[in-house]
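S.K.: Have a look at this one.
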């Protein structure tokens, strides 16, 4: 699709759900041809210009709906009674993250609660974005389409269940009703796009650079090669799998809170619980100002940082060298990761030299972090670059999403082409039993037609590393047999996945191989009367049953499964099927193979 084509370009909205704050970038002026997005800066609860909105909610006891969200949320010391602040919940959708990194029992973050927090925040965010488009940009939704482009946390890439869960929450929160939801790029890739297009850097084909998007909860890292440069178009290639590191400004906050809690308990003689609450108030207030200014002349001139304790005449004295140690704990992890990435890069690409490192993100905007990374990279002969405007650094992801999509519309090519599938996907089905084709496998006799079938066969529809045109459905033909006296004729089957190489994929599911159940697909209505009645002759006479032949259309994307069926011999519109992403399905390993591939 080109900017000069007949099909109009939708308004592009890039959304980065951050660990601490969320950024929204918009491109609605396509006449300029540069695709430079603006960001939403007016948020409910604030009378000032703010580039990002806190990923935060406030709930009140005995109330179902949220009381406040984003900028409306009060700080801890102003919090009303019987209310609770919910924040930093971004990674709680990933249960392994909860178990690995959180300092509280995983049971405290039940999945249904996390889904509710996500849904409430996304619903409020969607409402504000729509108001902004309608009132500030005067968008006529009757004549203009919208694309909502969401980034994917880098650690979630390849986890279809997790990304599918996130997509489902996004679409049900309103984004699926008012526009097309696009969810393809990781945060690391989006930050790289911003780097390539905005930093006014004269890229040459073959250049290799690293992007470090150091944010609140994690740091995204990717190494890219400039594949092609043509006028204002840049095409990049991932040389290594994007990574996320457990490094971020919130880690510094947590270290500070732990230290101050003990100091407050001794200073004030209060309970551990009250000391913890006061420590959080100091952390979210005075400490943030000191942290953001660390590395500047204002803080460097001090030897001790003094912070007042809320509702008290006391203050906390933090030696500057202790704050330095907190920063250094994060910087050391970054520099070790930089060294490791360069070493790993040399193995498959011995002739490649890393020329530049681009810093982005909130932590990446710290003057102290910038200085220390530059010092480390100087010895490696790697130049460190960052956006001239510090306010752009935390916005790299949401802006990169829009810039990449803009280039796709105008040049038919994204900045970072999404790689081919890293997994294979198949449909669980039955096949007519053949002792030569199914050696060692058990068979089941179908009581309707008397034939033997091999159960749990896998019909691989998308194979790993296979180049497949995006959003183009794969077609397969199947049959179903129904007993009209015992079934309503509903369809049910399972999708399996494997990361095995294509030539080593298993042909059936036995619970011991590389294939595993990913999700279930069901029809929402009875299929019974779409088939012809077929007569089966048995030993005891004739018994009618239904046979339905149909075409199944499958569209497989990043965390996106879409299935429709069309009955053969009928001109009905394809019938959409429902995909069930259930947490329990991941562990049960139980699949449904009602489809018959060979009757």
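Numbering (the numbering used here), first residue to last: 15 to 613.
Even glycine gets a Cβ: it sits at the ideal position worked out from N, Cα and C.
Computed from a prediction, not measured in an experiment: that's the story for all the values here.
Buried or exposed, going by whether 16 or more other CB atoms sit within 10 Å of the CB of residue 78?
M.R.: That one is exposed.
S.K.: My parser needs the beta strand (DSSP E) runs of 3 or more residues fully inside the segment 229-285; what are they?
M.R.: Correct list: 233-244, 247-252, 257-259.
S.K.: Closer than 7 Å: is that where the CB of residue 233 sits relative to any heavy atom of the ligand ZN?
M.R.: Judged by which ligands are present, the structure shown has none, so any question about the ligand ZN falls away.
S.K.: Counting pairs of beta carbons, one from the segment 361-376 and one from the segment 397-408, are three or more of them closer than 8 Å?
M.R.: These segments touch.
S.K.: Are there 16 or more other CB atoms within 10 angstroms of the CB of residue 29, so buried, or fewer, so exposed?
M.R.: Buried is the call here.
S.K.: Taking contact to mean 3 or more Cβ pairs, one atom from each stretch, closer than 8 Å, check whether the segment 159-167 and the segment 507-525 are in contact.
M.R.: Short answer: they don't touch.
S.K.: Thinking C-alpha only, which one of 491, 524, 533 is nearest residue 509?
M.R.: The option with the nearest alpha carbon to residue 509 is 533.
S.K.: Whole angstroms is fine: what's the gap from residue 323's alpha carbon to residue 570's?
M.R.: Residue 323 and residue 570: Cα-Cα distance of roughly 54 Å.
S.K.: Compute the distance between the beta-carbons of residue 88 and residue 35, then report whether it is under 8 Å.
M.R.: Not closer than 8 Å, so no.
S.K.: Where do the N-terminal and C-terminal ends of the beta strand (DSSP E) with residue 530 fall, by residue?
M.R.: Segment 530-536, the beta strand (DSSP E) holding residue 530.
S.K.: If you count every other CB in all the chains shown that lies within 10 Å of the CB of residue 350, and 16 or more means buried, which is it?
M.R.: By the neighbour-count rule (16 or more Cβ atoms within 10 Å), residue 350 is not buried but exposed.
S.K.: Quick check: what's the CA-CA separation for residue 241 versus residue 225?
M.R.: The straight-line gap from Cα to Cα measures roughly 16 Å.
S.K.: How is the beta strand (DSSP E) around residue 312 delimited, first residue to last?
M.R.: Looking at the DSSP string, residue 312 is not in any beta strand (DSSP E); the run it does join, the alpha helix (DSSP H), is 311-314.
S.K.: When the Cα of residue 511 is compared with those of 182, 574, 528, 592, which residue comes out closest?
M.R.: That would be 528, whose Cα lies nearest to the Cα of residue 511.
S.K.: DSSP three-state call for residue 404: helix, strand or coil?
M.R.: The answer is helix: DSSP assigns residue 404 an H, G or I state.
S.K.: With H, G and I counted as helix, E and B as strand and the rest as coil, what does DSSP make of residue 395?
M.R.: It is coil, neither helix nor strand.
S.K.: Hey, how far is the Cα of residue 135 from the Cα of residue 56?
M.R.: Going from the Cα of residue 135 to the Cα of residue 56 covers about 17 Å.
S.K.: Taking just the CA atoms, how far does residue 447 sit from residue 610?
M.R.: If you take the alpha carbons of residue 610 and residue 447, they lie about 11 Å apart.
S.K.: What do you get for residue 435, buried or exposed, if any count of 16 or more other CB atoms within 10 angstroms of its CB means buried?
M.R.: Classification of residue 435: buried, given that the 10 Å Cβ count is 16 or more.
S.K.: Can you list, in chain order, the residues of its chain whose CB lies under 6 Å from that of residue 189, leaving out five sequence neighbours each side?
M.R.: Here the set comprises 140, 162, 195.
S.K.: Drop a sphere of 10 angstroms on the beta-carbon of residue 361, count the other beta-carbons inside from all chains shown, and report buried for 16 or more, exposed for fewer.
M.R.: Residue 361 should be labelled exposed.
S.K.: Report yes or no: do three or more beta-carbon pairs, one from the segment 302-309 and one from the segment 226-239, lie closer than 8 Å?
M.R.: Because the criterion of three Cβ pairs below 8 Å is not met, the segment 302-309 and the segment 226-239 do not touch.
S.K.: Roughly how far, in whole angstroms, is the beta-carbon of residue 261 from the beta-carbon of residue 348, given that I think they are within contact range, below 8 Å?
M.R.: Residue 261 to residue 348, Cβ: 6 Å. Contact.
S.K.: In terms of residues, what are the limits of the alpha helix (DSSP H) holding residue 333?
M.R.: Note, residue 333: premise wrong, no alpha helix (DSSP H); beta strand (DSSP E) at 329-333.
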